[in-house]
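S.K.:
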Amino acid sequence: MSMIGEYARLSPAELERAVREPRWAPKLVDAPLAGEPDAGPGSRRHDVDKTWQALGFLLDRAGFPVDVTFGDEVLPGADDWGYGPPRLIRPERVRVAAEAFGRIPPASLAEGVGPSDLAAADVYPRVVWERGEPLDWVTGHYEALGAFFRAAARAGDAVLVWID
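All residue numbers for the sequence shown refer to my numbering, where the first residue is 181 and numbers rise by one.
1) In this structure, does DSSP put Asp-247 in helix, strand or coil?
2) The beta strand (DSSP E) with Leu-190 in it runs from where to where?
3) Could you tell me how far apart the beta carbons of Leu-325 and Val-228 are, in whole angstroms, since I believe they sit closer than 8 Å?
4) Anyone know if the C-beta pair for Leu-255 and Leu-340 falls short of 8 Å?
5) Excluding the 5 residues preceding and the 5 following Ala-301 in the sequence, name in chain order all residues of the same chain whose CB lies nearer than 8 Å to its CB.
6) If the criterion is Cβ atoms closer than 8 Å, does the pair Glu-186 and Trp-309 meet it?
7) On the three-state DSSP scale, how would you describe Ala-338?
8) Under DSSP, the beta strand (DSSP E) around Leu-208 begins and ends at which residues?
9) From Arg-273 to Pro-206, what distance separates their C-alpha atoms?
10) Could you tell me whether the stretch 311 to 318 touches the stretch 267 to 284, where touching means 3 or more Cβ pairs closer than 8 Å?
11) Output the distance between the C-alpha atoms of Arg-306 and Ala-333, rounded to the nearest integer angstrom.
12) Closer than 7 Å to a non-hydrogen atom of the ligand GTP - does that hold for the CB of Trp-342?
13) Taking only three categories from DSSP, how would you classify Asp-227?
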């Protein structure tokens, strides 16, 4: 079974309701919206596939100011959504993350780090790094995640984060 890093945008009203009614939140993120794109920065949902821990490793190394891998706080009262309850990044922190994505270009994120470094640090999925796969898979997801966060910041949205 794979562990996929998942994200969902919540408008301020949706955030308020999700905090008030945490069992409603999964229904919200699973419901398609009329006219919403299926993928891309304008969509409600986004995933970084299995690169979530590698992204976290590289972002920590770069001094990224927001934990976009695991979020800032557990959604109060939320149930397990796969590998624990979803975590929340509030709109003001989404803006901080969006600005930080703009300051760290994808090409520089993995500078000085190779697959063997990720394997040595036991970063998931370790087998990928032991095979020596290039980090462009991770930096491609980083670039798309940055676009997702910038769109969320422009809309004033919060972001839920979970591993599924």
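The beta carbon of each residue, even a glycine, is placed where N, CA and C say it ideally should be.
Values in this document were obtained by computation on a predicted structure and should not be read as measured data.
M.R.: Let's see:
1) For this step, residue 247 is matched to residue 67 along the sequence shown. Residue state, collapsed to three classes: coil.
2) Position 10 of the sequence shown, counted from the first residue, corresponds to residue 190. Segment 185 to 190, the beta strand (DSSP E) holding Leu-190.
3) The count along the sequence shown starts at 1 and reaches residue 325 at position 145. The count along the sequence shown starts at 1 and reaches residue 228 at position 48. Rounded, the Cβ-Cβ distance is 6 Å, consistent with contact.
4) The residue labelled residue 255 in the question sits at position 75 within the sequence shown. The residue labelled residue 340 in the question sits at position 160 within the sequence shown. Yes.
5) Position 121 of the sequence shown, counted from the start, is the residue given in the question as residue 301. If we look at Ala-301 and ignore the five residues flanking it on each side, its Cβ neighbours are Phe-237.
6) Working through the sequence shown from its first residue, we reach residue 186 at position 6. Working through the sequence shown from its first residue, we reach residue 309 at position 129. Against a cut-off of 8 Å, the Cβ pair of Trp-309 and Glu-186 comes out as no contact.
7) Residue mapping note: residue 338 aligns to position 158 of the sequence shown, counting from 1. Three-state result, Ala-338: strand.
8) Within the sequence shown, residue 208 is the residue found at index 28, counting from 1. Looking at the DSSP string, Leu-208 is not in any beta strand (DSSP E); the run it does join, the alpha helix (DSSP H), is 205 to 210.
9) On the sequence shown, position 93 is the one that residue 273 refers to. On the sequence shown, position 26 is the one that residue 206 refers to. Computed Cα separation, rounded: 22 Å.
10) no
11) Counting from one through the sequence shown, the residue named residue 306 turns up at place 126. Counting from one through the sequence shown, the residue named residue 333 turns up at place 153. Their Cα atoms are separated by approximately 32 Å.
12) Only the bare structure without any ligand can be found here, which leaves the ligand GTP out of the picture.
13) Mapped onto the sequence shown, residue 227 falls at position 47. The answer is strand: DSSP assigns Asp-227 an E or B state.
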